[in-house]
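As given, the protein sequences belong to chains A and B, one line each in that order.
Residue 176 in the numbering used here sits at position 176 of the first sequence; the count goes up by one each step and never skips.
Residue 1082 in the numbering used here sits at position 82 of the second sequence; the count goes up by one each step and never skips.
Positions of the beta carbon are idealized from the N, C-alpha and C atoms, including for glycine.
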Amino acid sequence: MDMRVTDGRHPALTDPGRYFVDQPAQSQFNVHRDLFRDAELFELEMAHVFEASWVYLCHESQLRSANDYYTTHIGRTPVVVLRGQDGALRGFVNACPHRGTRLYTARQGNAQVQMCPYHAWCFDSAGQCVKIKDQPQAGYAPSFGRQSHDLKPLGRLASYQGFVFGALPADVPALADYLGDARFFIDTFAQQSAQGMEILPGEVSYVFRANWKLQVENTMDIYHLTTVHSTFAKIVQQRGAREAAAAGADKVKAVNLGALAGQEQGTYTFPHGHTVFWGTDPLRENRALWAMRPDLLDRGVDPQQVEWMFRPRVLNFFPNIQFVDSACMQLRVIRPLAPDRTEMTMFCLAPRGEPAAGRRRRLRQYEDFFNASGIATPDDVACYEDIHAGGLGDAHSEWIQGFARGMDKVIAGPDSHARDIGIRPLESCSGVEIQDETVFRGFYREWLARMHKAGGAQPAQAAAGARA
Amino acid sequence: MTNVELLDQAQRLLFDEAAALDQRRWDDWLALYTPDCEFWVPAWKSEDVPTADPGGEVSLVYYDSRAGLEERVWRIQSAAAPAHRVLPRTCHAVHNVRLLGSNAGSLTVHATWRVDSYKEKAASSLFGFYDYLLTGQSGAWRIAKKKITLLSDCVPSYFDLYQV
Chain A
1 MDMRVTDGRH
11 PALTDPGRYF
21 VDQPAQSQFN
31 VHRDLFRDAE
41 LFELEMAHVF
51 EASWVYLCHE
61 SQLRSANDYY
71 TTHIGRTPVV
81 VLRGQDGALR
91 GFVNACPHRG
101 TRLYTARQGN
111 AQVQMCPYHA
121 WCFDSAGQCV
131 KIKDQPQAGY
141 APSFGRQSHD
151 LKPLGRLASY
161 QGFVFGALPA
171 DVPALADYLG
181 DARFFIDTFA
191 QQSAQGMEIL
201 PGEVSYVFRA
211 NWKLQVENTM
221 DIYHLTTVHS
231 TFAKIVQQRG
241 AREAAAAGAD
251 KVKAVNLGAL
261 AGQEQGTYTF
271 PHGHTVFWGT
281 DPLRENRALW
291 AMRPDLLDRG
301 VDPQQVEWMF
311 RPRVLNFFPN
321 IQFVDSACMQ
331 LRVIRPLAPD
341 RTEMTMFCLA
351 PRGEPAAGRR
361 RRLRQYEDFF
371 NASGIATPDD
381 VACYEDIHAG
391 GLGDAHSEWI
401 QGFARGMDKV
411 IAGPDSHARD
421 IGIRPLESCS
431 GVEIQDETVF
441 RGFYREWLAR
451 MHKAGGAQPA
461 QAAAGARA
Chain B
1001 MTNVELLDQA
1011 QRLLFDEAAA
1021 LDQRRWDDWL
1031 ALYTPDCEFW
1041 VPAWKSEDVP
1051 TADPGGEVSL
1061 VYYDSRAGLE
1071 ERVWRIQSAA
1081 APAHRVLPRT
1091 CHAVHNVRLL
1101 GSNAGSLTVH
1111 ATWRVDSYKE
1121 KAASSLFGFY
1131 DYLLTGQSGA
1141 WRIAKKKITL
1151 LSDCVPSYFD
1161 LYQV
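Structure, rendered in C-alpha cells:
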C-alpha cells in the first residue's frame, strides 16, 4: 500500500464533525466545501479511498487472448492487467522492480514477454521475471538471488460478470460481498446477450478542471436534467417532429428527457458506498436492445431482470466506476489527478451479436449524449467547472446545501420495488418527480468511514439507515 | 481546368469554412455543406489507429446529414447550454492542402489543421487532419463528406464542432 500519507493529524481522519453534518433524526446532512478543494485531503483520498480497497480496472472483453494486457491505475499507482498463457487474469503494479520504470506503456496490447526499456529486465505474461540482463557476470551478492524480481502482484484481482476489479492490499472483502446486492443492477448490464458483452472499439477520454466527487454526484443527480440538458431535450423533440413530418428521419431516437418526467423513479443506497438511480422510460422500444428482447426471454433470463434492462438506470460503484444506461449503456471510469483536475475515460458497452441496425443506433445515441464532443456531457462538465471557477462559493461559509431533496421521502431498508427483486439496500427513496439528493449520502458515509478507519477510529457506517 | 486551378478552388473553400467558423457566421458555414453530407470525427482504437467504421465503432462525432450540424448551430446560439455560455475565441489554421483526386463532379482533398481556442484567460489547442469530398462543379463546390482526424483526442474538458 502507498505509505506516502502517514500524517494522522488531518482533521478528516480525526474529526468527523469538521467535514460532515449527518443527523438523520434532524433531517440534516451537509458536506464541507473543503472536500472539493483541499490538496492534503486529496492525497488522503488517494491513499485511503482509492489505494485501500477495490477499484474497477477493465472489462474482460478488452483482454480476450493469451498475453493480452491492459494498463490503468489504482489511485496514483500504475497497474497492468495481464492474461497469461494459461488464460488467467492477473494484476500487477506496472513498474519494473529494478528502477520503477513503467513497463507497459501502450494502453493495451499483446506481449508474451515484456522487456523493460531501461535495463532490459524481461517479464512474462504471468508477471514473472524471466531475464536479468548480464546477471552472471554482474557481481550481485547472494542475497539478490534470494529476492523476488517478479512484478509486484496486486493484493487482489477478481471479476464479476466480466467486470474486473483490483485492490492493492489483500485484506479486502470478497468482491461479491463488496458489490453486495447492487450486483442485481450489474446483471442488467451484463446479461443482455447469450454471447456476452463487449466494449466497442473507441475509448474516449477528457480531463475536466474540477474535483472528481462532482462527477460522482452528477451521475446520481436527476434534479439537474431539465436545466442543464434543456437544449438536448429540445433537440430530441425537434428530431421527433422532423420524423413525424418526413416519416422516419429520426434514426437516433435518443433518450427523450421530456417523456421521463412524471414517471416513477427512485434511488437505492447500498453498503460500501454504492448507489443506484432508476427511472421509467415509456419509450423503451426506442432502445437498441428492444429488438433482442424476445431472445432474452427465450433463453430464460429472469423476466424481472429483462424488465429492469429497459429502465433508465445509473450505478455508482465506490469509488471509480459508473454504469449509465439512459438509452444505451456507458461505462465511466473516474481517475482523479488533483483536487481540481479529473480524467474521465468512457466506454460503450454493448451486447455481442446485436443486429447491425441496433448497433448503429446505439452508437449514435452514445455519441449524442455521452461524448465530450456531444450535446449533453459538455454541459455537465461546464457546470462542474463553474463550481470550481467560483472557488466553491463563499469562502466564509462551510457547508454545501445539496443534500436536502427527498429527505422526507427516504426510508431505511428496501421499498416495494426492492422487495420485488429481492434486494436489501440500506436506504430507498422512490416516487414521482422526487429527483432526490439523499442518495449522495451513501457515498459520503463510506468516504468518511474510510478516513476514520485510516485515522484509527471506528467506522462511521453506523450513521447509515436514516430512519430506522 | 488544371489541377492547380482545382487545388486553388478547394483551398479557397477550406479557408472560407475556417473563416466562417472563426467569425461565427454559422449560416454561411452550414451553406458550405450538402443536405446529405457526412460529418465524421473518429475516436481512437489504440495509440496509432483511429476507428474506421461508424456502424460498429465509437466516433467522437458522426452525422449522416446536415441536420446534425444544424442542431449544433441552434444549440450554440440558444444561450441555454452551459457549455456555450461563453464561446471561446477560435483561430483555424488550415495548411498542407493537397488535391488527392478529381473527376467531373468531385474533388478529394486532404489538409492538416490546428485550432487554437481561448476562453476565460486560458488557451488550448486541438490539431489533426481533414479529409474532404467536395461535390458540385467548378467554382461551386460544396462539402459532401468531411472526416476530421483529431490527433489530440484526450481533450481539455469538452469541444464542439467550431473547435476542430
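* When DSSP labels each residue in this structure, what does residue 431(A) get in the three-state scheme? -> Correct three-state label for residue 431(A): strand.
* Asked: In this structure, does DSSP put residue 78(A) in helix, strand or coil?
  -> Note: residue 78(A) maps to strand in three-state DSSP.
* Just the C-alpha distance for residue 1020(B) and residue 1028(B), rounded to the nearest angstrom, thanks. => If you take the alpha carbons of residue 1020(B) and residue 1028(B), they lie about 6 Å apart.
* Delimiting residues of the alpha helix (DSSP H) encompassing residue 197(A) -> Where residue 197(A) is concerned, there is no enclosing alpha helix (DSSP H), although the beta strand (DSSP E) it sits in stretches over 197 to 199.
* For residue 1057(B) and chain A, any beta-carbon pair shorter than 8 Å? -> The beta carbon of residue 1057(B) sits closer than 8 Å to some beta carbon of chain A.
* Note down, in chain order, every chain A residue with its Cβ under 9 Å from the Cβ of residue 1125(B). => Residues of chain A passing the Cβ test: none, with the nearest at roughly 14 Å.
* Shorter than 8 Å from the beta carbon of residue 377(A) to some beta carbon of chain B? -> Proximity of residue 377(A) to chain B, defined by a Cβ-Cβ separation below 8 Å, is satisfied.
* Using only alpha-carbon positions, find the residue among 1135(B), 1142(B) and 1124(B) that is nearest to residue 1153(B). => Taking only the C-alpha atoms, the option nearest residue 1153(B) is 1124(B).
* **Option nearest residue 442(A) by Cα separation, candidates 316(A), 422(A), 61(A) and 369(A)** => The residue with the shortest Cα to Cα distance from residue 442(A) is 316(A).
* Examine chain B for any beta-carbon lying closer than 8 Å to the beta-carbon of residue 204(A), and answer yes or no. => Closer than 8 Å to some Cβ of chain B, the Cβ of residue 204(A) qualifies, so yes.
* **Neighbour flag for residue 1087(B) against chain A, beta carbons, 8 Å** => No, because no Cβ of chain A sits closer than 8 Å to the Cβ of residue 1087(B).
* Cβ atoms of residue 277(A) and residue 220(A): under 8 Å apart, would you say? -> Cβ atoms of residue 220(A) and residue 277(A): closer than 8 Å.
* Is the shortest distance between the beta-carbon of residue 500(A) and the beta-carbons of chain B less than 8 Å? -> No information on residue 500(A) is available, as it lies outside the stretch 1 to 468 that chain A covers here.
* Report yes or no: do the stretch 36 to 50 of chain A and the stretch 440 to 455 of chain A share at least 3 C-beta pairs separated by less than 8 Å? => Yes, since at least three Cβ pairs between the stretch 36 to 50 of chain A and the stretch 440 to 455 of chain A fall closer than 8 Å, the two stretches touch.
* **Between the CA atoms of residue 110(A) and residue 196(A) - distance to the nearest angstrom** => When rounded, the separation of the alpha-carbon atoms in residue 196(A) and residue 110(A) is 22 Å.
* To do: Take residue 1032(B) and list the residues in its own chain whose beta-carbon comes closer than 8 Å to its own, dropping the five residues that flank it on each side.
  => For residue 1032(B), same chain residues with a beta-carbon under 8 Å away, outside a window of 5 residues either side, are 1013, 1016, 1017, 1020, 1142 and 1143 in chain order.
* To do: Using DSSP bridges, identify the partner residues of residue 1098(B).
  => Residue 1098(B) is bridged to 1110(B).
* Asked: Using the C-alpha atoms, what's the distance from residue 1095(B) back to residue 1130(B)?
  -> Here the alpha carbons of residue 1095(B) and residue 1130(B) stand approximately 10 Å from one another.
* **For residue 59(A): DSSP bridge partner residues** => According to DSSP, which records beta bridges pairwise, residue 59(A) is partnered with 163(A).
* Which listed residue (93(A), 185(A), 164(A) and 179(A)) has its alpha carbon closest to that of residue 149(A) -> Nearest option by C-alpha distance: 93(A).
* According to DSSP, what are the bridge partners of residue 46(A)? -> Beta-bridge pairing links residue 46(A) to no other residue.
* residue 383(A) (DSSP reduced to helix, strand or coil) -> Assigned with DSSP and collapsed to three states, residue 383(A) falls in helix.
* Do you know how far the Cα of residue 243(A) is from the Cα of residue 358(A)? -> Going by C-alpha positions, residue 358(A) is about 18 Å away from residue 243(A).
* Asked: Can you find a C-beta in chain A that's less than 8 Å from the C-beta of residue 1159(B)?
  -> Yes, contact with chain A.
* Return the residue from the list 298(A), 320(A) and 310(A) that minimises the CA-CA distance to residue 272(A). => Per the Cα distances, 320(A).
* To do: Indicate whether residue 166(A) and residue 262(A) have their beta-carbon atoms separated by less than 8 Å.
  => The Cβ atoms of residue 166(A) and residue 262(A) do not sit closer than 8 Å to each other.
* chain A beta carbons: is any one of them nearer than 8 Å to that of residue 1045(B)? -> Cβ-Cβ to chain A under 8 Å: yes for residue 1045(B).
* Would DSSP call residue 308(A) helix, strand or coil? -> Looking at residue 308(A) - three-state DSSP - the assignment turns out to be helix.
* Below 8 Å between beta carbons: does that hold for residue 181(A) and residue 425(A)? -> Yes, Cβ-Cβ distance for residue 181(A) and residue 425(A) is below 8 Å.
* **Burial state of residue 386(A) (16 or more Cβ within 10 Å)** => Burial call: exposed.
* Asked: For the stretch 75 to 86 of chain A, which residues have a beta carbon sitting closer than 8 Å to at least one beta carbon of chain B?
  -> The residues in question: there are none.
* Asked: With 8 Å set as the bound, which would you pick, yes or no: does the beta-carbon of residue 1162(B) sit closer than that to a beta-carbon of chain A?
  -> No, its Cβ sits nowhere closer than 8 Å to a Cβ of chain A.
* Asked: Do you know how far the Cα of residue 14(A) is from the Cα of residue 467(A)?
  -> Bear in mind that a pLDDT of 34 at residue 467(A), under 50, signals an unreliable position, so the model cannot answer this.
* Kindly indicate if chain A contains any beta-carbon less than 8 Å away from that of residue 1060(B). => Chain A, which has a Cβ nearer than 8 Å to the Cβ of residue 1060(B), makes this yes.
* Have a look at residue 1097(B) and residue 1147(B) and give me their C-alpha separation to the nearest angstrom. => Taking the straight line from one Cα to the other gives about 14 Å.
* Could I get the ranges of all uninterrupted beta strand (DSSP E) runs contained in the stretch 1020 to 1102 of chain B, with 3 residues as the minimum, in chain order? => The qualifying runs are 1033 to 1042 and 1059 to 1063.
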